[in-house]
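Remarks on the structure that follows.
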Amino acid sequence: MNTIRQSQILALLISSLLGVAYAQEPTQHTGVLDIAKIEQLTGAKGKLDTAENAFKVTVPRSDLAVTVAGVKMTAATGFTSWAAFSPVGDKTMVMGDMVLQEDQINPVMSSALENGIEVTALHNHFLWDTPKVMFMHIGGSGDAESLATSIGKVFAKIKETSSAKTHVKPKSFDAGKTSLDPKPIETIIGAPVEKTGEVYKVTIGRTTQMDGHPVGKTMGVNTWAVFAGSNDKAIVEGDFAVLETKLQGVLKALRGAGIAITTIHNHMVGESPRIVFLHYWGEGIASDLAKAFKAALDAQSKT
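In case it helps, mature numbering (1 follows the signal peptide of the UniProt record, and there is no 0) puts the sequence shown at residues -23 to -1, 1 to 280.
Dropping the structure here:
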């Protein structure tokens, strides 16, 4: 009986050790990247990391003359756009980060979305930078050549718009003197519009959970829009709270209507389901702006 017991214990120990070994073994990448083809299609030179089987192409933004807190920066100090390719099974994954001046953000974002590249984040990496520089994170999965072609178009759009001069548009009206009629906006959106000070705001709540407790509209999990100005000359600005799976659809709807995306980021950590927040800005006829907002709302409902 003791011999049997010892054998059982030994078998359990061996099984446990093998399990730990398997758990610690790194995931093996499959496939071979055509490095020359990726460089050709992206128009950028890269470097292969043999340990990760990932190929990273870089485009330094040497065309920018950026200062941060009075310090003259170079492309090597964090102002280099990049995209990394890695084979995963029978597909290729791409991830990257695009360095953009403010006026470049939305043209480059549209280029990415139109060419099958997902936009996953948009935010600043610095404070006190002049001119203001934002960073757009991207990703995608599929055929290596198709991905490289799309990334090449994104890089080309950055180059095409690199002469854009970031500027602050002259003030065209005072939001505190809003005169627009909120009724057409309510009809288009299908939700009540509340007067907040001198402007009009619509807030649509949603719910997630944190530590097993529901968190909703009042706690900040909501989509909102503020309308200001006149019927013919208005602005809309606000925030969309979207599920990760709905982010790309909402971005496409807003960009398709000419609405500028200003940031994409998280407001919380540890929530379930995860909520991504995107801030936006638009100018135009009030009813057109309301239609753009409604189109983005509808994109959240699509399966």
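Every residue, glycine too, gets a C-beta built ideally from N, C-alpha and C. Keep in mind that this is a model prediction, so the values were computed, not measured.
Each of 216, 152, 190 and 239 was checked against the Cα of residue 179, and the nearest Cα belongs to 216.
The three-state secondary structure of residue 106, taken from DSSP, is strand.
Leaving aside the five residues that flank residue 256 on each side, the residues in its chain whose CB is nearer than 6 Å to its CB run, in chain order, 216, 239 and 240. Judged by DSSP in its simplified three-state form, residue 164 adopts helix. Residue 201 and residue 185 have their alpha carbons spaced roughly 17 Å apart. By the Cβ neighbour-count rule, residue 227 is buried, with 16 or more other Cβ atoms within 10 Å of its own. Selection 262, 249, 50 and 261 evaluated against residue 189 yields 249 as nearest (Cα-Cα).
Cβ-Cβ distances below 6 Å link residue 171 to 178 in the same chain, with the five nearest sequence neighbours on each side left out; the list follows chain order. Comparing alpha-carbon positions, the option among 34, 70, 252 and 75 lying closest to residue 138 turns out to be 75. The three-state secondary structure of residue 51, taken from DSSP, is coil. In this chain, the beta strand (DSSP E) harbouring residue 212 covers 211 to 220. Within its own chain, the residues whose Cβ lies closer than 6 Å to the Cβ of residue 192, once the five positions on either side in sequence are excluded, are 185 and 198, listed in chain order. Taking C-alpha positions only, residue 96 is separated from residue 155 by approximately 34 Å.
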